[in-house]
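Novice: Following this message is one structure expressed as structure tokens.
There are 2 protein chains.
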Amino acid sequence: MVYSPEVTRKQSMISSAAQALLSATSAPGVTLFPEAFERIVAKLRAAIEEIAAAEDFTALTAPPVLPREVVERSGYVREFPHLLGSVHNYGGDATDWLTRRTAAVPGGLWHETQTIADVVLTPAACYHVYPFLSAQPEALPARFAVESWCYRHEATSEPGRLRSFRMRELVYVGEPKACIEFRDRWRERASRWLTELGLDVTVEAATDPFFGTGAKLLSGSQRAQELKFELAAPVADGVRQAVVSANCHKSHFGETFGVRLPEGGPAHSACIGFGLERLAMAVLHAGCDEALAA
Amino acid sequence: MVYSPEVTRKQSMISSAAQALLSATSAPGVTLFPEAFERIVAKLRAAIEEIAAAEDFTALTAPPVLPREVVERSGYVREFPHLLGSVHNYGGDATDWLTRRTAAVPGGLWHETQTIADVVLTPAACYHVYPFLSAQPEALPARFAVESWCYRHEATSEPGRLRSFRMRELVYVGEPKACIEFRDRWRERASRWLTELGLDVTVEAATDPFFGTGAKLLSGSQRAQELKFELAAPVADGVRQAVVSANCHKSHFGETFGVRLPEGGPAHSACIGFGLERLAMAVLHAGCDEALAA
Numbered sequence: 001m002v003y004s005p006e007v008t009r010k011q012s013m014i015s016s017a018a019q020a021l022l023s024a025t026s027a028p029g030v031t032l033f034p035e036a037f038e039r040i041v042a043k044l045r046a047a048i049e050e051i052a053a054a055e056d057f058t059a060l061t062a063p064p065v066l067p068r069e070v071v072e073r074s075g076y077v078r079e080f081p082h083l084l085g086s087v088h089n090y091g092g093d094a095t096d097w098l099t100r101r102t103a104a105v106p107g108g109l110w111h112e113t114q115t116i117a118d119v120v121l122t123p124a125a126c127y128h129v130y131p132f133l134s135a136q137p138e139a140l141p142a143r144f145a146v147e148s149w150c151y152r153h154e155a156t157s158e159p160g161r162l163r164s165f166r167m168r169e170l171v172y173v174g175e176p177k178a179c180i181e182f183r184d185r186w187r188e189r190a191s192r193w194l195t196e197l198g199l200d201v202t203v204e205a206a207t208d209p210f211f212g213t214g215a216k217l218l219s220g221s222q223r224a225q226e227l228k229f230e231l232a233a234p235v236a237d238g239v240r241q242a243v244v245s246a247n248c249h250k251s252h253f254g255e256t257f258g259v260r261l262p263e264g265g266p267a268h269s270a271c272i273g274f275g276l277e278r279l280a281m282a283v284l285h286a287g288c289d290e291a292l293a294a
Numbered sequence: 001m002v003y004s005p006e007v008t009r010k011q012s013m014i015s016s017a018a019q020a021l022l023s024a025t026s027a028p029g030v031t032l033f034p035e036a037f038e039r040i041v042a043k044l045r046a047a048i049e050e051i052a053a054a055e056d057f058t059a060l061t062a063p064p065v066l067p068r069e070v071v072e073r074s075g076y077v078r079e080f081p082h083l084l085g086s087v088h089n090y091g092g093d094a095t096d097w098l099t100r101r102t103a104a105v106p107g108g109l110w111h112e113t114q115t116i117a118d119v120v121l122t123p124a125a126c127y128h129v130y131p132f133l134s135a136q137p138e139a140l141p142a143r144f145a146v147e148s149w150c151y152r153h154e155a156t157s158e159p160g161r162l163r164s165f166r167m168r169e170l171v172y173v174g175e176p177k178a179c180i181e182f183r184d185r186w187r188e189r190a191s192r193w194l195t196e197l198g199l200d201v202t203v204e205a206a207t208d209p210f211f212g213t214g215a216k217l218l219s220g221s222q223r224a225q226e227l228k229f230e231l232a233a234p235v236a237d238g239v240r241q242a243v244v245s246a247n248c249h250k251s252h253f254g255e256t257f258g259v260r261l262p263e264g265g266p267a268h269s270a271c272i273g274f275g276l277e278r279l280a281m282a283v284l285h286a287g288c289d290e291a292l293a294a
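Order-wise, the sequence lines are chains Y and E.
At position 69 of the first sequence (counting the first as 1) the number is 69 in our numbering, and the numbers step up by one without a gap.
At position 176 of the second sequence (counting the first as 1) the number is 176 in our numbering, and the numbers step up by one without a gap.
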């Protein structure tokens, strides 16, 4: 990853209430979160849970790693290869290690002996839900509230663009029409909540950051079909980031993971994802953290 | 990673209250955590915080990824190469991807185009603290309560041996004598707390799982110096796992990361790590989850 001097300069020029709280590490976009920041994250999570109490969600906490087959089967590797964090492990043997580690920089030898592990870093919390559901078709229609740490290998690290962050998602899996209703109902609820909280929220039809020369075609199609909406808010002076994303996936995950409707045919799915760090940054930037219930 | 038929058979024979709650994924040792399990994790975290209130800890939430230079500088790569999860990212270009992704299995092409990222999966929560401290020498002596998801590329997955799990650590950085006192004081506090809770706790001098033919020498030296103690408890019928680990690192991290005592010389450090999932499993197995304060 190359960080241009422009990006670095821009970052250092932008100060924000949230950035003053976070502690950067030596890896761009990877930060530590002190207690004052975590209190806001906890309040945001509680507020989302309170709104979600209007419907009956099954809560799941998912780990930051996901079976590799899930991203390979779902097409994530094909469409977003540049964002995926892949996990590798040591593939050498002990004798080799002992003989060579003294003769070489350990880092260098380590790099030569990597093999591909059966997990990747979780790119989005909801990827954990579909394989889980495929084992229990009787559960449809299903609603999950799932949270996990996500990783995206972002090329820049302006305020709010973290590589390692937490996403809380509300997921619906069922009939096509119910999925669109779910997505639209939750987009409205989230927009109302954040506006009442005091954030300057905009709602826009959006697209995913597809990779390669087919990207324009894919994202154009996604926008034309109005599959993805983003709620954006300022997280620092002059920096607006998507804080919530509301999506319909049509039958994509249902087909991929064999989740079928009771009356036959692949299940459809929809989700609304809350970026907890970005929301906390937006709340701090707007100075409305006191408005969050304790 | 090879899972022997013996291990698989053993796993399927062992049932436990905790395992009935967890949802396995297709990757061994990687599970989803439902609400009933998370309630116990939250209560355990609150109990640790309450005990820790006896001393003044600075709380930090750390991400599941850590700058690669931290594990390389600290010697983790040299001593525990087999446990480290290394992050790689896509190293090809868009034209190459588009041309070849249609001709090859996407997974296969992805595997060929990996490059080494600047982060690894966090092997232990306290690794985030030492580089953080090296920037603020005025903070010594320092106490941190740091939590993060950790990853260890374990070769087996019997009950309690997860690859992705949460560790909450209390860390002390300061004078050599104060570090040993910290480690011993917290080992006693943790042992008393868990025994009163109703767990069958044993305390033993322990060693880290060093790799290679030098492992015996290193672990023997660690045991002889009584640097590491483990508190173990049953997590399933016939399966006892370490649930808490209390360690002195002597000047290792202070020297590595340039954390110096006010009067000169490298700072020493000590930590006590609580494995939150294993503790929750032990509590469920002992049936003493009701004894945890709400």
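The C-beta atom is built at its ideal place from N, Cα and C for all residues, glycine as well.
Would you say Thr115(E) and Leu66(E) are within 7 Å of each other, going by their C-beta atoms?
Specialist: Numbered from 1 along the second sequence, position 115 holds the residue referred to as residue 115(E). Numbered from 1 along the second sequence, position 66 holds the residue referred to as residue 66(E). Going by C-beta atoms, Thr115(E) is not nearer than 7 Å to Leu66(E).
Novice: Using a beta-carbon distance below 7 Å, is Thr115(Y) in contact with chain E?
Specialist: Here residue 115(Y) corresponds to residue number 115 of the first sequence, with the count starting at 1. By this cut-off, Thr115(Y) is not an interface position.
Novice: For the beta strand (DSSP E) that Phe210(Y) lies in, which residues bound it at each end?
Specialist: Looking up residue 210(Y) in the first sequence gives position 210. Looking at the DSSP string, Phe210(Y) is not in any beta strand (DSSP E), and its letter there is neither H nor E.
Novice: Pick out whichever of Leu140(Y), Gly275(Y), Leu162(Y), Pro34(Y) has its Cα sitting closest to the Cα of Thr261(Y).
Specialist: Within the first sequence, numbered from 1, the residue matching residue 261(Y) stands at position 261. Note that residue 261(Y) is Leu in the sequence shown, not Thr. Here the closest residue by C-alpha is Leu140(Y).
Novice: Less than 7 Å separating the beta-carbons of Val239(Y) and Pro159(Y)?
Specialist: Working through the first sequence from its first residue, we reach residue 239(Y) at position 239. Working through the first sequence from its first residue, we reach residue 159(Y) at position 159. A contact, by the Cβ cut-off of 7 Å.
Novice: Skipping 5 residues on each side, what residues in its chain have a beta carbon closer than 7 Å to that of Thr31(E)?
Specialist: Working through the second sequence from its first residue, we reach residue 31(E) at position 31. Closer than 7 Å at Cβ, skipping near neighbours: Leu22, Ser23, Ala24, Thr25, Leu162.
Novice: What in chain E is Cβ-close to Pro67(Y), meaning under 9 Å?
Specialist: The count along the first sequence starts at 1 and reaches residue 67(Y) at position 67. Here the neighbours are Thr25, Ser26, Ala27, Val30.
Novice: Going by DSSP in three states, Ala47(E) sits in which element: helix, strand or coil?
Specialist: Residue mapping note: residue 47(E) aligns to position 47 of the second sequence, counting from 1. Ala47(E) falls in the helix class under three-state DSSP.
Novice: Could you tell me whether the Cβ of Pro262(E) comes closer than 7 Å to any Cβ of chain Y?
Specialist: Along the second sequence, read from residue 1 onward, the residue named residue 262(E) stands at position 262. No - not a single Cβ of chain Y is within 7 Å of the one on Pro262(E).
Novice: Anyone know if the C-beta pair for Leu170(E) and Val120(E) falls short of 7 Å?
Specialist: On the second sequence, position 170 is the one that residue 170(E) refers to. On the second sequence, position 120 is the one that residue 120(E) refers to. Taking 7 Å as the Cβ cut-off, Leu170(E) and Val120(E) do not qualify as a contacting pair.
Novice: How long is the line joining the alpha carbons of Tyr130(Y) and Asp56(E), rounded to whole angstroms?
Specialist: By one-based count along the first sequence, residue 130(Y) stands at place 130. By one-based count along the second sequence, residue 56(E) stands at place 56. The straight-line gap from Cα to Cα measures roughly 43 Å.
Novice: Any beta carbon of chain Y sitting closer than 7 Å to that of Ser208(E)?
Specialist: Mapped onto the second sequence, residue 208(E) falls at position 208. As written in the sequence, residue 208(E) is Asp, which differs from the Ser given in the question. Chain Y, which has no Cβ nearer than 7 Å to the Cβ of Asp208(E), makes this no.
Novice: Let me know the secondary structure DSSP gives Ala291(E) once reduced to three states.
Specialist: Against the second sequence, residue 291(E) aligns to sequence position 291. Three-state DSSP puts Ala291(E) in a helix.
Novice: Going by DSSP, what residue range makes up the alpha helix (DSSP H) through Pro176(Y)?
Specialist: For this step, residue 176(Y) is matched to residue 176 along the first sequence. Segment 176–197, the alpha helix (DSSP H) holding Pro176(Y).
Novice: Determine the chain Y residues that contact Asp118(E) at a beta-carbon separation under 9 Å, and present them in chain order.
Specialist: As a working note, residue 118(E) is residue 118 in the second sequence. Neighbours of Asp118(E) on chain Y, chain order: Met1, Ser26, Ala27, Pro28, Val30.
Novice: Please tell me whether Tyr90(E) has its Cβ less than 7 Å away from any Cβ of chain Y.
Specialist: Your numbering for residue 90(E) matches position 90 in the second sequence. Judged by the 7 Å Cβ criterion, Tyr90(E) is in contact with chain Y.
Novice: Closer than 8 Å by C-beta to Arg168(E): which residues in its own chain qualify, once you throw out the five before and the five after it? Chain order, please.
Specialist: Here residue 168(E) refers to the residue found at position 168 when the second sequence is read from its first residue. Excluding sequence neighbours, Arg168(E) sits near Arg45, Ile48, Ala125, Ala145, Val146, Glu147, Gly273, Phe274, Leu276.
Novice: Going by alpha carbons, who is nearest to Tyr172(Y) out of Gly254(Y), His111(Y), Leu218(Y)?
Specialist: Residue 172(Y) sits at position 172 when you count from the first residue of the first sequence. Ranking Gly254(Y), His111(Y), Leu218(Y) by Cα distance to Tyr172(Y) puts Gly254(Y) first.
Novice: Does Ala36(E) have its Cβ less than 7 Å from a Cβ in chain Y?
Specialist: As a first step, residue 36(E) must be located in the second sequence, where it is residue number 36. No - not a single Cβ of chain Y is within 7 Å of the one on Ala36(E).
Novice: Between the beta-carbon of Arg192(Y) and the beta-carbon of Ile51(Y), is there less than 7 Å?
Specialist: Residue mapping note: residue 192(Y) aligns to position 192 of the first sequence, counting from 1. Residue mapping note: residue 51(Y) aligns to position 51 of the first sequence, counting from 1. Against a cut-off of 7 Å, the Cβ pair of Ile51(Y) and Arg192(Y) comes out as no contact.
Novice: Would you report the Cα separation of Ala117(Y) and Thr202(Y), rounded to the nearest angstrom?
Specialist: Locating residue 117(Y) in the first sequence gives position 117, where the first residue counts as 1. Locating residue 202(Y) in the first sequence gives position 202, where the first residue counts as 1. So the two alpha carbons sit approximately 40 Å from each other.
Novice: Who are the near neighbours of Ala294(Y) in its chain, counting only those whose CB is closer than 8 Å to its CB and skipping five residues on each side?
Specialist: Indexing the first sequence from 1 puts residue 294(Y) at position 294. Excluding sequence neighbours, Ala294(Y) sits near Lys43.
Novice: Using the rule of at least 16 other Cβ atoms within 10 Å of the residue's Cβ for burial, across every protein chain shown, is Ala282(Y) buried or exposed?
Specialist: Position 282 of the first sequence, counted from the start, is the residue given in the question as residue 282(Y). Burial call: buried.
Novice: Nearest CA to the CA of Ala94(E): which residue from Pro176(Y), Lys216(Y), Leu284(Y), Pro28(Y)?
Specialist: Along the second sequence, one-based indexing puts residue 94(E) at 94. For Ala94(E), the nearest C-alpha among the options comes from Lys216(Y).
Novice: Grab the span of the alpha helix (DSSP H) containing His252(E) for me, first residue to last.
Specialist: If you number the second sequence from 1, residue 252(E) lands on position 252. That run of the alpha helix (DSSP H) goes 252–256.
Novice: Around the Cβ of Pro234(E), are there at least 16 other Cβ atoms within 10 angstroms (buried) or fewer (exposed)?
Specialist: Numbered from 1 along the second sequence, position 234 holds the residue referred to as residue 234(E). It is buried - the Cβ of Pro234(E) has at least 16 other Cβ atoms within 10 Å.
Novice: Return the residue from the list Leu194(E), Val244(E), Pro266(E) that minimises the CA-CA distance to Leu292(E).
Specialist: Counted from its first residue, the second sequence places residue 292(E) at position 292. The candidate whose alpha carbon is nearest that of Leu292(E) is Leu194(E).
Novice: Run down chain Y in chain order and give the residues with a C-beta less than 7 Å from the C-beta of Trp149(E).
Specialist: The residue labelled residue 149(E) in the question sits at position 149 within the second sequence. Ordered by position in chain Y, the residues that pass the 7 Å Cβ test against Trp149(E) are Pro63, Pro64, Trp149.
Novice: Would a check of beta-carbon distances place Phe296(E) closer than 7 Å to chain Y?
Specialist: Summary: the structure shown does not reach residue 296(E), with chain E confined to residues 1 through 294, and so no result is reported for it.
Novice: So which residues of chain E does Phe274(Y) contact, with C-beta pairs closer than 7 Å?
Specialist: Taking the first sequence and counting its residues from 1, one reaches residue 274(Y) at position 274. In chain order: nothing, as chain E lies at least about 17 Å away.
Novice: Find the residues of chain E that neighbour Gly265(Y), judging by a C-beta separation of less than 8 Å, and give them in chain order.
Specialist: In the first sequence, the residue the question calls residue 265(Y) occupies position 265. What Gly265(Y) touches in chain E: nothing, since even the nearest Cβ is about 25 Å away.
Novice: Are the CB atoms of His285(E) and Ala309(E) within a distance shorter than 7 Å?
Specialist: Any property of residue 309(E) remains undetermined from this structure, which presents chain E solely from 1 to 294.
Novice: Quick one: which unbroken beta strand (DSSP E) runs of 3-plus residues sit fully inside the segment 132–179 of chain E? Chain order, please.
Specialist: Runs of the beta strand (DSSP E) inside the segment 132–179 of chain E: 142–151, 164–174.
Novice: Quick check: what's the CA-CA separation for Val259(E) versus Thr61(Y)?
Specialist: In the second sequence, the residue the question calls residue 259(E) occupies position 259. In the first sequence, the residue the question calls residue 61(Y) occupies position 61. Taking the straight line joining both Cα atoms gives about 36 Å.
Novice: What is the DSSP secondary structure of Glu72(E), counted as helix, strand or coil?
Specialist: Here residue 72(E) corresponds to residue number 72 of the second sequence, with the count starting at 1. Three-state DSSP puts Glu72(E) in a helix.
Novice: Give, in chain order, every residue of the segment 132–143 of chain E whose Cβ lies closer than 8 Å to some Cβ of chain Y.
Specialist: Residues Phe132.
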